[in-house]
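Shown next, in structure tokens, is the structure this report addresses.
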Amino acid sequence: MTDPTTPPSEVADTRRLDALRDYDILDTPPEKGFDDIVELARMTCAAPVALVSLVAGDRQWFKAQSGFAPRETSLDKSVCAHALAEPDLLVIPDLTLDPRTRDNPLVTGEPHIRFYAGAPLQAAGGERLGSLCVIDTVPRPEGLTERQTSALRALAGQVMTQMDLRRSVVERERILSGQAVLIAQQDALIAAQAAVTRAAGNREAILDALVAGVMKAVPQAEGGVIELRDGDELVHRSGHGSLAPHDGLRLPLEGSLSGHCLTSGKPVLCPDVLRDPRAKRDLIEPLGVRSAIYVPVSRGDTNVGVLKLQSSRPDAFSGSDLRAATLFAATIPAGLAEAGEAEARRGMRASEATLRTVMETLPVGVMIAEAPSGRIVGHNDRVAAILGHGVMPTEADGGPDRWVGFHADGRRVEADEWPLLKLARHGNGEAELEVDYQRGDGRRAWVGFTGAPMHDADGVVVGSVVVVTDIDERKRAELLLEAAKHAAEEANRAKSEFLANMSHELRTPLSAVIGYSEMLQEEMEDLGHESLLPDMRKIEANARHLLGLINDVLDLSKIEAERMETYVEDFAVETVVRDVASTVEALVAAKGNALTLDLAHGLGEARTDVTKLRQCLINLLSNAAKFTEGGRITLTAERTERDGVDWLTFRVGDTGIGMSPDQQARLFERFTQADASTTRKFGGTGLGLSITRAFATMLGGDISVESQEGSGTTFTVSMPARIVGSQDEDPAVDPAGGTAPEDGTAGPGVVLVVDDDPATRDLVARFLERDGFKVAVAIDGREGLERARALRPRVILLDVTMPQMDGWSVLRTLRGDAELGDTPVIMVTVLDEQNLAFSLGATDYLQKPVDWDELHGVMDRFRPQVHEGPLLVIDDDADTRERMSTRLSKEGWLVATAENGKAGLAAVMAERPCLILLDLMMPEMDGFAFLDAIRAKPAWGAIPVVVLTAKDVDGNDRRRLAGQADRVLRKGQVGLDDLPALLRSLVAPSQMA
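Sequential numbering of the sequence shown, starting at 17, is according to this note's numbering.
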């Protein structure tokens, strides 16, 4: 049983904890609004203590308190944690009498609290974050008055209102802070330009102003410098901050990050120079640099230097910092040009020369508009070259109101969407737009518009500046890349479909090989040719091995086509690990190896797809056994916590041949082993590890390998202890329980009714007995499984909502049982979950209250039919038809055959069969269409149909077969010797010839 003092499971709910973190309120200072609420709660309820308590994953913390000094307590002292599981207020009149709280340290010790009443603090999404509670040191048998209860609920609502308001204020401040950064960068650029103007052509003053300006725009920078090219070296100029003492320092172009930036002409954002091989190692420590920004400085088509910003901290800069630095770097050539112009022509006004040089030397177009009209008052020639027409309002096609552009989805760009008008007319901020532009020459080309507002000295928006960039080549490359990506995905899906279809086509002849080998073995025994039996068994064994390899290929194709589903269940981890070890024990011992288990304490329970987990471990242990001889194989399992989530880690280590680094790099590629010699010596397809990695990824984890040639290999698989599966609805109880009663006898004619409601069991049983069926009952899911294993019923009627083990868990267990997996199951429930039932393999579905005529119609298909028709085999494979006819005829059946669904319909019309054995994948008319046709005719609706197919039947197929087919069997898994007995349970003995 669960310890009543243990906090409820809601405490660790991930969704609840995420919601609490989203409020960002834990460990914040007291606030008057919350303090006033607890005072009001304490006075209203006449209690000495009132608290606003927030329950985290490892403690409870008090945002406000009255009459209670501590700011937080551990969860073992928390009464509020139990309020998370209550539908409304939690009121405990005497804490010493409640099993959840009587051992609480605050009850048994100081301050000896006795009474508790707490109203839940519930977020808008329904998550409960804590409670507003009042506490007394004396019991209150009568609890709270109605007035006090209403007041406590209302005050809890006010607490949530305060928390929502507080979060809104914090978010608004964050947004305003981000806007302030952008504005500060723009202001810094304007100030730098003004300083450049004041420098009146002084080169050093200009460079100093630009470095100072960019450091102001990027406050994370501890040092800044312009490195100008001098031959094969870069020279530090105008250093600021931590780089000021290094003016004149020379760096080689080769072997430095600055040199790489200049020669490549691309900006570099280096989060950690210690990890970048391009950094000059001997300068890292003297310069005190850990992260840096490098932006090339271009003049015309030539890179003349680098603007560098650095910090002593790693990861100090962001992408927006790089953009700000790039904007400043674009102004440096203008500053250098202005200095040159000032030296050559002192009479020219410095500001005009600087602006014109900037505008004309930039490789992008620049436009300036006034506010608020948006009228263009200046631009460079590059704008007209990119747009293909004039841009001034007085020129033809000029002005954004007459521009024509289209979004990626084909929508025309509206006038107010152009950045130039948006900024000039609507104020601060930045604006970016990429459009398919209609150029003046009629050609369409992709153009990028990036704008920013311009402010005067008082901060008033006086206009906007917009950079126009030719992005046609880049954009078209992106579109081509997207198209290529889509084509590659389509090709991959087509490949997966091809693998699935080929696997189906190969299964059919392999099933024939297996069937013929079984039939020939029987005939050899009858004719006394025992000496040939070993060879025939080898043929059968190899065919089954090949069938297993094809199943691996099909698994791989399902994984690639994203059709593989996960079915989760609860299980004991240690039990599963030991079961896996037992399964591979003989394989490990075959080469003289020893298997050791190293299981940590506290592996506990897990909820994941146990079948895929078992397959991962079996694949890794089989792989270790294959490549190890006379050595040791170790399976280790442990449970750890990552970010509040339990993870399971499994390690499979061996002392085998090991692998080189090159072999490890190819290890998880499909159809690949270490090398060709490995395949020749040890065999295998190379799919095992690929499927293992795919399964581990599907379960939310990963796989890694460590190996050394000649010293063995260790594979590590990690995955969360709990996941949500493809068909996961409610948490299922462990379906492994229960064994068949020793005195149970098989009863192929029995109908098993599983329902926890006595009245329903009695009514259904009486109706079925009156209708001629022999009935057995079970009162819950576990007993239902036990009785099913003992009785082997003809059909099971199964309820869903039952204690101990619900109907979904029973259905999953039945479909996973080798002996009971093909038993027809009819869900009988009040729930409207027909799709889920059919996807899990239900045969039919009835909703309560049961319509007895509908039940009679459904059950008619499961009573042995009394007529003289033959058994009809419908299969497009002639060998399969011949083998089945031969084997079933020997058992006394009258057999007819048809090569596809269309011929099958004609055979049914000619002579109604007693039973139909149906393949699904056939030409002209497949099995699905055949079933739809015969079930549409009332006269044929009761003919039993058994599907025997090589197709991998997935959830969608099961939904199509539900209510149509009586059983679904897999070729290759049902032998010819098993088939007569299985079919005999569906047709009365009098029907056989």
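Quick reminder that beta carbons are idealized off the backbone N, C-alpha and C, glycines included.
Quantities reported herein were computed from a predicted structural model and do not represent experimental measurements.
Sub-7 Å separation of residue i and residue j beta-carbons
i: V604; j: I649; result: yes
i: G674; j: S734; result: no
i: G304; j: S328; result: yes
i: P109; j: P155; result: yes
i: V150; j: A57; result: yes
i: D288; j: P330; result: yes
i: G646; j: T730; result: no
i: L933; j: V969; result: no
i: R1010; j: V596; result: With the chain running from 17 to 1009 in the structure shown, residue 1010 is simply not present.
i: G447; j: L437; result: Sequence inspection shows Ala at residue 447; the Gly mentioned does not correspond to that position. No, they are not a contact pair.
i: V311; j: A345; result: yes
i: F946; j: G917; result: yes
i: Q76; j: C96; result: yes
Reduced DSSP category for residue i - H, G, I as helix; E, B as strand; rest coil
i: I634; result: helix
i: A366; result: Note that A366 has pLDDT 48, beneath the 50 cutoff, so the model's placement of it is unreliable and the number below is only indicative. Reduced to three states, the DSSP call for A366 is helix.
i: F731; result: strand
i: M383; result: strand
i: H256; result: strand
i: F878; result: helix
i: V429; result: coil
i: P416; result: helix
i: P757; result: Confidence is the limiting factor: at P757 the pLDDT is only 35, short of 50, which leaves the residue's position unreliable, though a coordinate-based value still follows. Three-state DSSP puts P757 in coil, outside helix and strand.
i: H395; result: strand
i: C277; result: helix
i: F587; result: strand
i: F514; result: helix
i: F50; result: helix
i: T644; result: coil
i: W663; result: strand
i: P24; result: coil
i: C96; result: helix
i: T89; result: strand
i: M675; result: coil
i: A80; result: strand
i: T44; result: coil
i: T650; result: strand
i: R130; result: coil
i: R553; result: helix
i: A135; result: strand
Buried versus exposed call for residue i [16 or more other C-beta atoms within 10 Å across all chains shown]
i: R37; result: exposed
i: E220; result: exposed
i: T656; result: exposed
i: Q326; result: buried
i: R623; result: buried
i: D891; result: buried
i: H252; result: buried
i: P379; result: exposed
i: S598; result: exposed
i: S727; result: exposed
i: S272; result: buried
i: S480; result: buried
i: G2; result: Absent from the structure is residue 2, since the part of the chain shown begins at 17 and ends at 1009.
i: P6; result: Residue 6 is absent from the structure shown; the chain starts at 17 and stops at 1009.
i: S389; result: exposed
is_contact[residue i, chain C] using C-beta, thresh 7 Å
i: E450; result: Protein chains in the displayed structure number just one, and chain C is not present.
Return the chain-ordered ranges of every alpha helix (DSSP H) run that is complete within the region 907-969 and spans a minimum of 4 residues.
The region 907-969 contains these whole alpha helix (DSSP H) runs: 917-926 and 943-951.
Looking at C-beta atoms only, is the number of pairs between the region 926-938 and the region 904-918 that lie closer than 8 Å three or more?
Output reads yes: the region 904-918 touches the region 926-938.
Ranges of the beta strand (DSSP E) found wholly within the region 764-820, counting only runs of at least 3:
Entirely contained in the region 764-820, the beta strand (DSSP E) runs reaching 3 residues are, in chain order, 766-770, 790-794 and 811-814.
Hey, is the region 87-103 in contact with the region 118-127, meaning 3+ C-beta pairs nearer than 8 Å?
The way I'd put it, the region 87-103 does touch the region 118-127; three or more beta-carbon pairs between them come closer than 8 Å.
How do the region 460-478 and the region 499-509 stand: do at least 3 beta-carbon pairs fall below 8 Å, yes or no?
When C-beta atoms of the region 460-478 are compared with those of the region 499-509, fewer than three pairs fall below 8 Å, so the two segments do not count as touching.
Quick check on the DSSP output: what are the complete beta strand (DSSP E) runs of length 3 or more inside the region 455-480, in order along the chain?
460-471, all fully within the region 455-480.
Are at least three pairs of beta-carbons, each pair with one atom in the region 542-560 and one in the region 600-620, less than 8 Å apart?
Segments in contact, no.
Stretch-stretch touch, CB-based, cutoff 8 Å, three pairs: the region 484-502 with the region 380-399:
Under the three-pair Cβ rule at 8 Å, the region 484-502 counts as touching the region 380-399.
Would you check if the region 173-181 and the region 137-146 touch, i.e. whether three or more CB-CB distances between them fall below 8 Å?
The region 173-181 and the region 137-146 touch, with three or more beta-carbon pairs separated by less than 8 Å.
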